[in-house]
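Numbering (numbering that gives the first Met the number 0), first residue to last: 0 to 238.
We put the beta carbon where it would ideally sit given N, CA and C, even for glycine.
Here the structure is a predicted model, which is why all the values come from computation and not from measurement.
What follows is one structure encoded as structure tokens, with my remarks underneath.
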Amino acid sequence: MGEGVFEVEVMMDECCVLALDSVMELVDAGVPLPLLNPIKQTILKVEGVKGCHHLRGRRAGSSIHLDVHIEVDPFSSVSAAHDIGEGVRRDIQNSHSEVAEVFIHIDPAVAHLSSSTRDQQADLKGMSSHNSNACSEQKDIEAIVSNIFSTKFSEIIILEHITYHSLQGKFFLQIEVSMPFEMLIRDAKEIAEEAEKEILNVASNISQVSIQLRLGHLIPQFHHESRPSNNEERSETGL
């Protein structure tokens, strides 16, 4: 009798372990730094990459989804920057089989946000307005941005998407755009800065604008959108 009870207990323990493993497979979890460091080294070895920052990952089941900012030569063309980004994606997935998706932001190597801008972005991260007044304001802002792009930058900038964050009655905008592939990253940055100033001059309820150049593919879990996505995978360049 005692032996039978022991066998049942062992079987139940094994079942519990299997059930726990199965549950853990379904739970999203952050990826610890020791696992990200080898991936960062892979990124830095890719030709054309001048730096790597803001690398983070999320584990979904047995797979890892990455979000990474890389820096490239500001004199690179958009198409060259895109090729570097794709090289990073390819080398990561070839060297680290556990990585399922990579969301890449590409920044000019000489571009550095001011500390105040970094602080503001950190404060605004994850914050958005949910009331009807804010929704109305967002529609007005989108109309303003669309009008500026269509009237002053129609040959250069195509508006793709706007992400809104709000803090103390002011909006911080992250605007994704497309630009000609032959354009230099340096020139794209200057145009983006000019467009940002135009938006800030027109809309008093906007405190900060960040224009990002779309290059390729998006991983949805790293992009909290304010409207439904077309589920397109893409990369983008922070300007």
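Exposure label - residue i; buried when at least 16 CB within 10 Å
i	result
residue 172	buried
residue 83	buried
residue 181	exposed
residue 136	buried
residue 61	exposed
residue 112	Low local confidence applies: a pLDDT of 43 at residue 112 is under 50, so the model's placement there is unreliable, and no value is given.
residue 52	exposed
residue 65	buried
residue 56	buried
residue 149	exposed
Distance CB(residue i)-CB(residue j) smaller than 8 angstroms
i	j	result
residue 155	residue 198	no
residue 107	residue 58	no
residue 189	residue 210	no
residue 30	residue 63	yes
residue 54	residue 34	no
residue 71	residue 47	yes
residue 147	residue 208	no
Counterpart residues of residue i in DSSP-defined beta bridges
i	result
residue 258	Since the first residue of the chain shown is 0 and the last is 238, residue 258 is not available in this structure.
residue 70	50, 106
residue 64	57, 100
residue 76	183
Residue i versus residue j: straight-line alpha-carbon distance, rounded
i	j	result
residue 95	residue 78	25 angstroms
residue 41	residue 76	23 angstroms
residue 212	residue 81	11 angstroms
residue 90	residue 159	28 angstroms
residue 103	residue 203	32 angstroms
residue 157	residue 178	7 angstroms
residue 73	residue 175	19 angstroms
residue 151	residue 192	13 angstroms
residue 39	residue 169	36 angstroms
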